[in-house]
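Visitor: Numbering (my numbering), first residue to last: 9 to 508.
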Amino acid sequence: NTYIFSGQGRESYAPRFNWFVFSGVEITNWPGELKTEHLTAEAVNTYIEPSATFESSNQLFMDINKIWRRSQIDNMHGGLASDCPHRERSGYTGDGQIACNTVLHNYDAKNFYQKWIGDMRDAQIKETGYVPNGAPWQPGCGGGPAWGAAICVMPWEFYVQYGSRDMLEDNYEAMKAYLKYMLTWTGEDGIMHSKRTGNDGSIVKWYNLGDWLPPGELIPDDMVHTFVLWHCAELTSRTAMVLGMKDEVIEYSALAEKTKQAFHKRFYNEKTGSYGDAGGNILALKMGVPVEQYEKVVAALRAGILKNKGHLDTGIQGTRFFFEMLADHGLNELAFEAMNKRTEPSYGHWIELGSTTSRENWNENGSHNHPMFGGGLVWLYRNLAGMQADPRDPGYRHMIFRPQLIDELEYVTYVNNTPYGEGGITWRHEEDAFRMEIIVPVSCHATVHVPASDLSQITEGDVSTDRATGVTFKEMKDGYALFEVESGSYTFRVTESLSP
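1. What does the alpha-carbon distance come out to for the pair V305 and A22?
2. Quick check on this structure: which residue in L309, K349 and K43 has the alpha carbon closest to the alpha carbon of D336?
3. Classify W435 as helix, strand or coil using the three-state DSSP reduction.
4. Excluding the 5 residues flanking W145 on each side, which residues of the same chain have their C-beta closer than 7 Å to its C-beta?
5. Report yes or no: do three or more beta-carbon pairs, one from the region 204-223 and one from the region 166-180, lie closer than 8 Å?
6. Beta strand (DSSP E) containing I408: first to last residue?
7. From the DSSP output, in three-state form, read off Y488 for me.
8. How would you write the range of the alpha helix (DSSP H) that K317 sits in, first residue to last?
9. Looking only at C-alpha atoms, which of V456, A393 and I447 sits nearest to H437?
10. DSSP has F120 in a bridge; who is on the other side?
11. In chain order, which continuous runs of the alpha helix (DSSP H) of length 4 or greater are located wholly inside the region 160-242?
12. From W193 to G284, what does the alpha carbon distance come to, in whole angstroms?
13. Starting from T443, follow the beta strand (DSSP E) in both directions and report where the run begins and ends.
14. Pick helix, strand or coil for F62, following the three-state DSSP scheme.
15. I'd like the span of the alpha helix (DSSP H) that includes N340, first residue to last.
16. Ends of the alpha helix (DSSP H) at P153?
17. Using C-beta distances below 6 Å, list every residue in its chain close to D123, excluding the 5 sequence neighbours before and after it, in chain order.
18. Does DSSP put V458 in a helix, in a strand, or in coil?
19. If you compare alpha carbons, which of H378, S464, I359 and Q465 is closest to I72?
20. Given a cut-off of 7 Å, decide if P411 and V168 are closer than it, judged by their beta-carbon atoms.
21. Going along the chain, which unbroken runs of the alpha helix (DSSP H) with 4 or more residues stay wholly within the region 252-298?
22. Measure the Cβ-Cβ separation of T101 and A143 and say whether it is below 7 Å.
23. Counting pairs of beta carbons, one from the region 463-478 and one from the region 414-430, are three or more of them closer than 8 Å?
24. Are N119 and I81 touching if we call contact CB-CB under 7 Å?
25. Express the C-alpha separation of G362 and A286 in angstroms, rounding to a whole number.
26. Using 8 Å as the Cβ pair cut-off and three pairs as the minimum, do the region 152-160 and the region 231-240 touch?
27. Quick one: Cα of A182 to Cα of K317, how far?
28. What first and last residue would you give for the beta strand (DSSP E) that runs through M395?
29. I'd like the list of long-range same chain contacts for S451, defined as Cβ closer than 6 Å, with 5 residues on each side in sequence excluded.
30. So, with DSSP's three-state summary, where would you put E430?
31. Which of helix, strand or coil does DSSP assign to G142?
32. Would you mind sorting S282 into buried or exposed? The rule is 16 or more other CB atoms within 10 Å of its CB.
33. Would you mind giving the Cβ-Cβ distance between H272 and V299, rounded to the nearest angstrom? I have them listed as a contact below 8 Å.
34. Alpha carbon to alpha carbon, how far is Q105 from S79?
35. Report, in whole angstroms, the separation of the C-beta atoms of R367 and H376, which I expect to be a contact under 8 Å.
36. Taking only the alpha-carbon atoms, compute the straight-line gap between L506 and T499 and give it to the nearest angstrom.
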């Protein structure tokens, strides 16, 4: 912008129809000494209320969360989320669906997503079911199946977070229509391809970014496409279940299973026990691999990460599930190590470079203000802190507390203002014990996994758990004592030896 002062007294100017993104400014011809207090930068964005806090004894983790939050807010304008606020400034649906769950774990974004998901529904091509790579629609946005998949992914994640059945009702037909379109790219082998024969007999290709911007080579387009087909079919089946569409539950569950089997048949390598480098094993584990191959796939995933010296090797699709899949399959220490890295490729490397926002690339190329890789940060809240909403009783009506501890950390806290009030968890390693404090909102209940090898080690408040009010012991399982609790605040303490 250029503004020429009239020179007639005091004047004030600010751009009304644009914004600018910068990490520094240069001012010339300032009369006298320029001081910090002479300058004010105004942050401009669609306002959404922060709803959650994450804290840890690991400062790097808090810094990573902070720069992603700054980047996400920088990219919320006009009721949509852009890819970057300075270059394309476009409402990329793929970037949006990748980061959506992380946004929902940090902000009260109910009104924001109701509006933007409505934009996606309006942009959907009614005749075919195709959902554009950007919404509201605009030309020039690259993407692929994972971009349009936002119409399936985001309504479901919204439902889990807020318990809003209306969101599923409003978007169910759009979800089915997008699946129908995806199937026009799917062969008899169940694989969703990036090429097909058009209506005029010509070969057409779906321009695809795939697992966009990994540190190494992209995994095959057809692998990403087929995973996305499975993911959309799975979520559409779940949506049908919530809405009571029993026949369609069967239809879309069968499609998801057929797609999963096709994925395994095409991409699993018997010799290596793997689905390939980078995100292949992550996507396969998210889908679910055959029991007889499971141990080999987990071992291959572990070996690949160790080969990369503990670093991730995924683009935005793989990174979205990278940390959670490690945590879910007994490799949480590797998830911690990857998140704790300060060398490339890692979130921490951005911090070492002085970044105040998250980036487009794991290296120094490209945009320095892209929130898309924030999808992986849900691990901080859902796995490391260990607080989750239960999809079977959504909106945090039933909460699941299951912290996955790291010995190197002194404490972790995650608190969220749920639809029913404040809910949260703090766990802490003390000198002679482990302490776990939880808050369950009014009208809610929770399943609490307390890490312990023996029930006699655990107290709640100042009494044994069998005497604690609102606490019911269920079972010992996988290194945890499981309790059902009513709404309220609880403090569980675990010591090495307690008298019965």
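Beta carbons: idealized from backbone N, C-alpha and C, even for Gly.
Guide: From the atom records:
1. 56 Å
2. L309
3. strand
4. A131
5. no
6. H406 to F409
7. strand
8. No alpha helix (DSSP H) holds K317; DSSP gives it neither H nor E.
9. A393
10. F120 pairs with nothing; no bridge assigned.
11. 173-191
12. 23 Å
13. Strictly speaking, residue 443 in this sequence is Arg, with Thr absent from that position. First-last of the beta strand (DSSP E) with R443: A441 to V448.
14. strand
15. N340 to M347
16. P153 to G156
17. The identity of residue 123 in the sequence shown is Lys, whereas the question assumes Asp. Cβ within range, chain order: G87.
18. strand
19. I359
20. no
21. 254-275 and 288-295
22. yes
23. no
24. no
25. 27 Å
26. yes
27. 43 Å
28. M395 to A397
29. Y428
30. strand
31. strand
32. buried
33. Not confirmed; about 12 Å, so no contact.
34. 16 Å
35. 5 Å
36. Only weak support exists for where L506 lies, its pLDDT of 37 falling under 50; the coordinates are left without a value.
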